[in-house]
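Residue numbers (our numbering): 434 to 940. The C-beta atom is built at its ideal place from N, Cα and C for all residues, glycine as well.
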């Protein structure tokens, strides 16, 4: 066992890559204070054995994630190979991450240096050959969402899927899209149609053509985009009579933030009532409320204060990426602390070996529990919610726990039909998407024949009845001829003699 004294001068060098413009939830002005306070906490907890340093790598020429991705490899490599750099005993990249995560991952893998992200992950992370040193503590897990989509489609036996993805939406949806299509394609008997829209254009996107196409090939629509565009889609679906229990629209809310849009029917306009009814056909996927758990109210206030002081940026609600950044640093600290009692001194230059220490385990913090799976990806609890018509709010009905892959039922889903007992939409209506199924056509043909026969029979019966009634009246008139002649003899004014033939014409 190692003596603690051997760690007194052990230096841990933490590097944060990012951009300083507050135009994304994972930008440095937002998550920076979370990282700073967590590293300060590491100093308080483990300062007797580790000396922590922290450096930000950014360039004001890269104002957003897209541009940073084009220059991040040069930015990071220039720092790494700088003659002025004094490397620590252990170097680790801990940052939020967006598109720049991918070139940084290639560099970190080549250097065998541990890399942790607290915002992004990406499916490439699950390929340990391409991402041998990458661990993510992000509260948004694409892998968990893919399992949730697969669970939904398998549970309700939906095989024909229509996908609408918005090119102007947050990169999370764009990253999810190709992997989601892959998940659907692996379901036996599945058929998938995917269409792109762009809500960022100056001209409002006409969603009617997409819905009309969707109607001819599916009853399950997956939407990847902002909340406002979802409302536009549902209003058009309502106008096309496509919001009953025969249809379902599946949307994903990363978490509550204006950056992802407002996933609600309520906009304070004249369409609210119509939108409220239309949203009954929506299933909303998203995280459990536990991702909003913060260490303390005081720390949340401190994060806001530091963002205003250091970056001149203010905001009302702390986004969950700040919490996941704070948590990522703390679980890294737990891994370091475990080395104090290790029987053999780990090779801190082996980032791949360090990454293995995070996998398939839970990390208990004072305010939450973080679970990292076998691929190095944090798994959050995810829920499926539907609209409660009385309150007008989305209520969770299904749960996918972080440590398990199956769905747990929490309540009955309102599928938007006239009756509360109506079940989920069928994968395909009995008569097909266009109503042209062969069995239904044969049935309709047989129905037409039966109807024709019944109409003919009714006509024959009616004619026979009329003839029979006329004959009865004629016979009755013939039996009364003597009464008419008696009237003639008494009055002397009647000059017409009624015979059965004449009476028949009058009747």
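Thinking just about the alpha-carbon of each residue, which of the options is nearest to the one in residue i?
{"i": "residue 519", "options": "824, 840, 497 and 487", "result": "487"}
{"i": "residue 448", "options": "517, 504 and 523", "result": "523"}
{"i": "residue 804", "options": "761, 818 and 777", "result": "761"}
{"i": "residue 576", "options": "835, 848 and 802", "result": "835"}
{"i": "residue 700", "options": "677, 668 and 728", "result": "668"}
{"i": "residue 787", "options": "541, 450 and 491", "result": "541"}
{"i": "residue 806", "options": "534, 467 and 559", "result": "559"}
{"i": "residue 528", "options": "757, 574, 769 and 815", "result": "757"}
{"i": "residue 1024", "options": "605, 837, 753 and 728", "result": "For the chain, the structure presents residues 434 to 940; residue 1024 sits outside this window and is missing."}
{"i": "residue 565", "options": "553, 589, 572 and 538", "result": "538"}
{"i": "residue 588", "options": "866, 858 and 865", "result": "858"}
{"i": "residue 603", "options": "838, 848, 864 and 457", "result": "457"}
{"i": "residue 792", "options": "526, 567, 829 and 516", "result": "567"}
{"i": "residue 690", "options": "703, 722, 751 and 704", "result": "751"}
{"i": "residue 851", "options": "609, 678 and 489", "result": "678"}
{"i": "residue 630", "options": "608, 596, 617 and 462", "result": "596"}
{"i": "residue 544", "options": "446, 658 and 785", "result": "785"}
{"i": "residue 860", "options": "492, 546, 622 and 556", "result": "622"}
{"i": "residue 586", "options": "599, 616, 574 and 573", "result": "616"}
{"i": "residue 848", "options": "562, 820, 809 and 837", "result": "820"}
{"i": "residue 693", "options": "574, 658, 614 and 562", "result": "658"}
{"i": "residue 719", "options": "749, 495 and 605", "result": "605"}
{"i": "residue 753", "options": "705, 722, 837 and 546", "result": "722"}
{"i": "residue 780", "options": "609, 516, 546 and 794", "result": "546"}
{"i": "residue 770", "options": "755, 478 and 782", "result": "478"}
Helix, strand or coil for residue i? Go by DSSP, reduced to three states.
{"i": "residue 859", "result": "coil"}
{"i": "residue 526", "result": "strand"}
{"i": "residue 456", "result": "coil"}
{"i": "residue 785", "result": "helix"}
{"i": "residue 794", "result": "strand"}
{"i": "residue 567", "result": "strand"}
{"i": "residue 810", "result": "strand"}
{"i": "residue 487", "result": "strand"}
{"i": "residue 469", "result": "helix"}
{"i": "residue 769", "result": "helix"}
{"i": "residue 730", "result": "helix"}
{"i": "residue 500", "result": "helix"}
{"i": "residue 834", "result": "coil"}
{"i": "residue 721", "result": "coil"}
{"i": "residue 846", "result": "coil"}
{"i": "residue 740", "result": "helix"}
{"i": "residue 821", "result": "strand"}
{"i": "residue 755", "result": "helix"}
{"i": "residue 826", "result": "strand"}
{"i": "residue 537", "result": "helix"}
{"i": "residue 750", "result": "coil"}
{"i": "residue 815", "result": "strand"}
{"i": "residue 573", "result": "coil"}
{"i": "residue 474", "result": "helix"}
{"i": "residue 495", "result": "coil"}
{"i": "residue 763", "result": "helix"}
Which residues in the same chain as residue i place their Cβ atom closer than 7 Å to its Cβ, once the five residues preceding and following it in sequence are excluded?
{"i": "residue 696", "result": "660, 663, 684, 686 and 717"}
{"i": "residue 644", "result": "669, 670, 673 and 675"}
{"i": "residue 444", "result": "484, 486, 521 and 522"}
{"i": "residue 738", "result": "none"}
{"i": "residue 533", "result": "450, 498, 501, 502 and 505"}
{"i": "residue 571", "result": "550, 551, 552, 553, 554, 757 and 811"}
{"i": "residue 601", "result": "631, 632 and 633"}
Please return the same chain residues whose Cβ sits closer than 8 Å to the Cβ of residue i, not counting the five positions on each side in sequence.
{"i": "residue 708", "result": "664, 667, 668, 671, 698, 699 and 700"}
{"i": "residue 868", "result": "862"}
{"i": "residue 839", "result": "584 and 833"}
{"i": "residue 618", "result": "625"}
{"i": "residue 736", "result": "466, 467, 470, 751 and 755"}
For residue i, which residues in the same chain have their Cβ closer than 6 Å to its Cβ, ignoring the five residues on either side in sequence?
{"i": "residue 653", "result": "591, 594 and 681"}
{"i": "residue 801", "result": "726"}
{"i": "residue 446", "result": "486, 521 and 524"}
{"i": "residue 873", "result": "864"}
{"i": "residue 913", "result": "Unreliable positioning characterises residue 913 in this predicted model, as indicated by a pLDDT of 46, which lies under 50. A coordinate reading is not provided."}
{"i": "residue 759", "result": "467 and 471"}
{"i": "residue 866", "result": "649 and 650"}
{"i": "residue 492", "result": "508"}
{"i": "residue 747", "result": "741"}
- Evaluate the contact criterion for the region 819-833 versus the region 709-720: three or more CB pairs, one atom per stretch, below 8 Å. yes
- Item | Minimum length 3: unbroken beta strand (DSSP E) runs contained in the region 585-651 | 593-599 and 624-630
- Unbroken alpha helix (DSSP H) runs of length 4 or more, entirely within the region 645-714: which are they? 660-672 and 705-711
- Are at least three pairs of beta-carbons, each pair with one atom in the region 771-785 and one in the region 579-587, less than 8 Å apart? no
- Task: Kindly confirm or deny that the region 460-479 and the region 732-749 touch, where touching means at least three C-beta pairs closer than 8 Å.
- Result: yes
- Message: Measuring CB atoms only, is the region 844-864 touching the region 629-648, in the sense that at least three cross pairs come out at less than 8 Å?
- Response: no
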